[in-house]
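S.K.: Residue numbers (the numbering used here), protein chains in the order written: chain E, 1 to 450; chain G, 451 to 900. All residues carry an ideal CB built from backbone N, CA and C; glycine is no exception. Could you have a look at this structure, given as structure tokens, before my questions?
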């Protein structure tokens, strides 16, 4: 197989170097790594087609890889075979500032994309935290702190080029902003984690960079009040750019970690963005609404420096948890109807305390999505198990509440076991779809379905 | 078959009355009607399941029917068989004002829905003009004048209950605002026009009723300037609620028809909505931007009466064209990248003049979607052909420009012939999906695919 790949692609696009194999064996999650047999670096859609055809010939698994920033093991080649690294496919295919659309290859990262378009007054607002590839973000239907305003990746897609398991190359959409033509294959491939085809081009909606941004922060006595505050903002149709919940225990941990003195209370973080006058009006209205609801410590800023200060606790926290030496972390990703959020956050906090693990809670409160991060020593199997148990109890509770096991990280390896509980009979339909697209089960096998 | 249906459902849910057969033979389009053999009025998901099982047993076509407001013949039972009228399934299953979500049966109409939720300060903003059923709107992925802000129906869906061709009942999503779990079946059923299953429950996102609404109108010398004006608004990230283009010839026709005196120039119509202060700021900024670009006749209003006056031309036009006695109309529905809009509108105007047909152009300029309405006598086959020829030339040009044959009306009968031109190889994939879900081709056969 490796010889065939080298013949078809050229030797510089095929590697069995141990460092490369290791780099492609894992992602940022604590899921155990598996080495691929070989790593390919396609430079074109045609290269991807060749790889898929050889994989079919050799009956070998094919697992796409972006930058490995995934959190559920989607890019771990658990059946070994070929890891397809798309980093060389990082070009702009077509950019139309006047249409606010761009077509890029999947290996371009989020920050690279923004660098290309910012000078035209445009930005791509989906922000999952990591500098993930656009392809990876589509494949997992990623979102992040701006989902309250812009939704998930699926909502930003106009068109995809995909190489199917049988080598056919299709386009799923057009460059028009909306369409009612044909079946929505675009949405189907988004979130399919490389199990239905390999995405080779992506056409995205872009957005105007807001003229003005205002950050604000306030605190409430209870998590329930934070959630109610968030609801009031949503119901008032204020188009917030970001709205995040950090519970008091987590604020305390950030203060300890970074030597800050943020008020140790349940906090809501806001970002308002748009035309200057409109944004100021929104921030002012939000302030009035929150004060009416009894908030404390309203803190507002519009300069970049002061804005960063206000959001520091939120940013530090994720970073602090994810980058402790020798430690692994697991992040839950449940998403529930907003009214259920206070109860589930409360439950998560109890589970965390019960587990004895270090950790914190970060909530995309406008979406009902939050993460419970827990830390454990890399070799402490008991703590790892504690962390996964906590996740399981939280997921089952979320599903019971009408929610989902994953708001934005995807299924990968970690959420497979909850598919039946969440989707019921529909899992069989999804399996039929998988079987239709990939009858030999070569595309990222062992993901999504058990 | 009719006996079986009566036995299974009860006689009051099955009709072969001629008036009923006729009512279910056509929609609002000029596509020729076909009488079904029988009309069923299910009152529950179980009823729908029974109908589908009997249809399978008798190898009979099943075509869902909402209120018949479709514009591409989706509900015409062209293979006869069973027309499934969902009007008795018009109940709220679950309403959660605090989550801003509602679960309804498919036969509830858009206005019925808004009546139920408005008193809670919420509204469902997707507005295709007609008082269509929510089920029909999902099935065609409808949108309308608010798509610039809220997208299409697909963007507003959280969950569907669907009865499949084999009688299985599945749920496609959850009540959480976002999810990365499993394949996106919700998006796949949206826009599938009853060809993959019959939708029996729909969970929708709701939105807060804006505190304040401002309408505005201005004119430009050229259609190109209107399109540039619209682009400037979008690029400034002003969250307009509606933004519509009406070309000067169409304004003139409205003046003649309704005895108005609107300035006979290419016009942009705006609606801004949100918190009062923010909305006023947005309208003011829009005014400055449009004035900078050389607009004339800026007219603005915030009282309901004055707002209606400003939008009258836009509303009258659609109505005027659709409700002329003894006349049929055809509406094109192309959608292209915004930068291509002026050229395509110009082309459409030329085609219309060349055809000699009475008609007008209405543009959802924020989306690149516009309708060229043409009128002809019901029995004038030559004019009907002229109208369809015009559509064909416009569609092919739109596809060439990277656009779509249908922005919001759906494929139905009228856009089938363009599927290959628009989707290429992907049509074969869509056909495989259809075949997987409905191997006997009983669900709304003869639609979408030729």
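Could you check which residue in E:312, E:176 and E:299 has the C-alpha nearest to that of residue 602 (chain G)?
M.R.: E:176
S.K.: Considering only C-alpha positions, which residue in the set G:536, G:585 and G:550 is nearest to residue 560 (chain G)?
M.R.: Comparing Cα-Cα distances from residue 560 (chain G) to each of G:536, G:585 and G:550, the minimum goes to G:585.
S.K.: Is the beta carbon of residue 549 (chain G) sitting closer than 7 Å to the one on residue 337 (chain E)?
M.R.: yes
S.K.: Taking contact to mean at least 3 C-beta pairs separated by less than 8 Å, is the segment 26-39 of chain E in contact with the segment 72-88 of chain E?
M.R.: Yes, since at least three Cβ pairs between the segment 26-39 of chain E and the segment 72-88 of chain E fall closer than 8 Å, the two stretches touch.
S.K.: Give me the residue from E:128, E:418 and E:206 with the minimum Cα distance to residue 116 (chain E).
M.R.: E:206
S.K.: Measure the alpha-carbon distance for residue 224 (chain E) versus residue 873 (chain G) and round it to whole angstroms.
M.R.: 48 Å
S.K.: With a threshold of 16 other CB atoms inside 10 Å of the CB of residue 680 (chain G), please say whether the residue is buried or exposed.
M.R.: Around the beta carbon of residue 680 (chain G), 16 or more other beta carbons sit within 10 angstroms, so the residue counts as buried.
S.K.: Given a cut-off of 7 Å, decide if residue 640 (chain G) and residue 705 (chain G) are closer than it, judged by their beta-carbon atoms.
M.R.: no
S.K.: Who are the neighbours of residue 171 (chain E) on chain G, taking C-beta pairs under 9 Å?
M.R.: 873, 874, 875 and 876
S.K.: Taking only three categories from DSSP, how would you classify residue 938 (chain G)?
M.R.: What is shown of chain G runs 451 to 900, which leaves residue 938 (chain G) out entirely.
S.K.: Are residue 148 (chain E) and residue 290 (chain E) touching if we call contact CB-CB under 7 Å?
M.R.: no
S.K.: In chain order, which continuous runs of the beta strand (DSSP E) of length 3 or greater are located wholly inside the segment 503-555 of chain G?
M.R.: 512-515, 532-535, 542-546 and 551-554
S.K.: List, in chain order, every chain G residue whose beta-carbon is nearer than 7 Å to that of residue 141 (chain E).
M.R.: 630
S.K.: Using a Cβ cut-off of 7 Å (strictly closer), state whether residue 106 (chain E) contacts chain G.
M.R.: It does not; no Cβ of chain G falls within 7 Å.
S.K.: Could you check which residue in G:556, G:853 and G:662 has the C-alpha nearest to that of residue 784 (chain G)?
M.R.: G:853
S.K.: Anything in chain G within Cβ reach of residue 454 (chain E), meaning under 9 Å, just list it in chain order.
M.R.: Because chain E here runs from 1 to 450, residue 454 (chain E) falls outside it and cannot be looked at.
S.K.: Which class does residue 837 (chain G) belong to by DSSP, given the choice of helix, strand or coil?
M.R.: helix
S.K.: Against residue 548 (chain G), what residues of chain E qualify as contacts under a CB-to-CB distance less than 9 Å, listed in chain order?
M.R.: 228, 231, 235, 337, 338 and 339
S.K.: Rounded to whole angstroms, what's the CA-CA distance from residue 340 (chain E) to residue 399 (chain E)? Just pull it up for me.
M.R.: 11 Å
S.K.: Who are the near neighbours of residue 238 (chain E) in its chain, counting only those whose CB is closer than 7 Å to its CB and skipping five residues on each side?
M.R.: The answer, listed in chain order, is 282, 285 and 286.
S.K.: Restricting to Cα atoms, I'd like to know which of E:158, E:365 and E:358 is closest to residue 144 (chain E).
M.R.: E:365
S.K.: From this set, E:325, E:392, E:381 and E:315, which residue's C-alpha is nearest residue 351 (chain E)'s C-alpha?
M.R.: Of E:325, E:392, E:381 and E:315, the residue nearest in Cα terms is E:392.
S.K.: Going by beta carbon distance, what residues of the same chain come within less than 7 Å of residue 828 (chain G), once the five residues before and after it are set aside?
M.R.: The answer, listed in chain order, is 776, 777 and 778.
S.K.: Could you check whether the segment 571-585 of chain G touches the segment 157-169 of chain E, counting it as contact only if at least three pairs of C-beta atoms, one from each stretch, sit closer than 8 Å?
M.R.: no
S.K.: Closest by CA to residue 436 (chain G), which one among G:660, G:668 and G:644?
M.R.: Missing from the structure shown is residue 436 (chain G); chain G here goes from 451 to 900 and no further.
S.K.: Whole-angstrom Cβ separation of residue 71 (chain E) and residue 29 (chain E), contact assumed at under 8 Å?
M.R.: 5 Å
S.K.: Taking the DSSP output, what are the residues bridged to residue 159 (chain E)?
M.R.: Its beta-bridge partners are E:203.
S.K.: From residue 415 (chain E) to residue 466 (chain G), what does the alpha carbon distance come to, in whole angstroms?
M.R.: The straight-line gap from Cα to Cα measures roughly 50 Å.
S.K.: Taking residue 408 (chain E) as the query, report the chain G residues whose CB atoms sit under 8 Å from its CB, ordered along the chain.
M.R.: 628 and 630
S.K.: Taking C-beta to C-beta, are residue 861 (chain G) and residue 898 (chain G) nearer than 7 Å?
M.R.: yes
S.K.: What separation, rounded to the nearest whole angstrom, lies between the Cα atoms of residue 619 (chain G) and residue 186 (chain E)?
M.R.: 24 Å
S.K.: With a threshold of 7 Å between beta carbons, is residue 864 (chain G) in contact with chain E?
M.R.: no
S.K.: Any C-beta of chain G sitting closer than 7 Å to the C-beta of residue 183 (chain E)?
M.R.: yes
S.K.: If you run the structure through DSSP and keep just helix, strand and coil, what is residue 519 (chain E)?
M.R.: Past the edges of chain E, shown from 1 to 450, lies residue 519 (chain E), and the structure says nothing about it.
S.K.: Using three-state DSSP, classify residue 618 (chain G) as helix, strand or coil.
M.R.: In this structure, residue 618 (chain G) counts as coil in the three-state DSSP scheme.
S.K.: Can you list the alpha helix (DSSP H) stretches of 4 or more residues lying completely in the segment 421-450 of chain E, in chain order?
M.R.: 426-437
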